[in-house]
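In my numbering, the protein residues as written are 239 to 364.
In this text, a Cβ means the ideal position worked out from N, Cα and C, and glycines have one as well.
Just so it is clear, the structure is predicted and the values come from calculations on it, not from any experiment.
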């Protein structure tokens, strides 16, 4: 989610940038909406605005910026550890979340059983 700066009150808006086009848009949008509502209910500060190119930051400054998960496994572990906001109002329940995590962990395990093509090229190709 991005909140672009705008001088005009009529131009203020929230932009939803879906993290992955392969994701289920219904689950993704619902989870984003639930996270936003959780932030409003609990008065969670969204962070200070960043009006600079985040791709050109020096490493020491970039280290202070929160990062998203670097893998599907990390994302699933984060979901498992922080799911209460998704269950507010009965939107999701533990059975749904557990089933989703189990399904996606099967994908993680399947990928771990096979070398990546680059890994194969670097280490196993003769």
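Quiz item: Would you say the region 318 to 333 touches the region 260 to 273, given that touching needs at least three Cβ pairs under 8 Å?
Solution: yes
Practice problem: Return the bridge partner residues of residue 240 from the DSSP annotation. | Solution: Taking the first residue of the chain shown as position 1, residue 240 is located at position 2. Answer is 253.
Quiz prompt | Where residue 287 falls: helix, strand or coil (DSSP) | solution = The residue labelled residue 287 in the question sits at position 49 within the chain shown. Residue 287: coil per DSSP, three-state reduction.
Exercise. Decide if the region 333 to 344 is in contact with the region 310 to 318; the criterion is three or more beta carbon pairs, one per stretch, under 8 Å apart.
Key: yes
Self-check item: residue 316 - containing alpha helix (DSSP H), residue span
Solution: Within the chain shown, numbered from 1, the residue matching residue 316 stands at position 78. Its alpha helix (DSSP H) spans residues 310 to 319.
Self-check item: Reduced DSSP category for residue 305 - H, G, I as helix; E, B as strand; rest coil
Solution: In the chain shown, residue 305 corresponds to position 67, counting from 1. Reduced to three states, the DSSP call for residue 305 is coil.
Quiz item: Can you give the Cα-Cα distance for residue 358 and residue 351, rounded to whole angstroms?
Solution: The sequence position of residue 358 within the chain shown is 120, counting from 1. The sequence position of residue 351 within the chain shown is 113, counting from 1. Their backbone Cα atoms lie some 13 Å apart in a straight line.
Exercise. Please say whether residue 353 and residue 362 have beta carbons closer to each other than 8 Å?
Key: The residue you call residue 362 lines up with position 124 of the chain shown. The residue you call residue 353 lines up with position 115 of the chain shown. In this structure, residue 353 lies closer than 8 Å to residue 362 by Cβ.
Practice problem: State yes or no: is the C-beta of residue 318 within less than 8 Å of the C-beta of residue 339? | Solution: The sequence position of residue 318 within the chain shown is 80, counting from 1. The sequence position of residue 339 within the chain shown is 101, counting from 1. Taking 8 Å as the Cβ cut-off, residue 318 and residue 339 qualify as a contacting pair.
Quiz item: In chain order, what residues of the same chain have a beta carbon less than 6 Å from the beta carbon of residue 333, not counting five sequence neighbours either side?
Solution: The residue you call residue 333 lines up with position 95 of the chain shown. Closer than 6 Å at Cβ, skipping near neighbours: no residue.
Quiz prompt | Assigned secondary structure, residue 363 (DSSP; H/G/I helix, E/B strand, else coil) | solution = To locate residue 363, count along the chain shown from 1; it is residue 125. Of the three classes helix, strand and coil, the one that applies to residue 363 here is coil, per DSSP.
Practice problem: State the DSSP-derived secondary structure class of residue 248, mapped to helix, strand or coil. | Solution: Counted from its first residue, the chain shown places residue 248 at position 10. If DSSP states are grouped into helix, strand and coil, residue 248 belongs with the helices.
Practice problem: Can you tell me which of the three DSSP states residue 347 falls into? | Solution: Mapped onto the chain shown, residue 347 falls at position 109. Here residue 347 sits in helix by DSSP.
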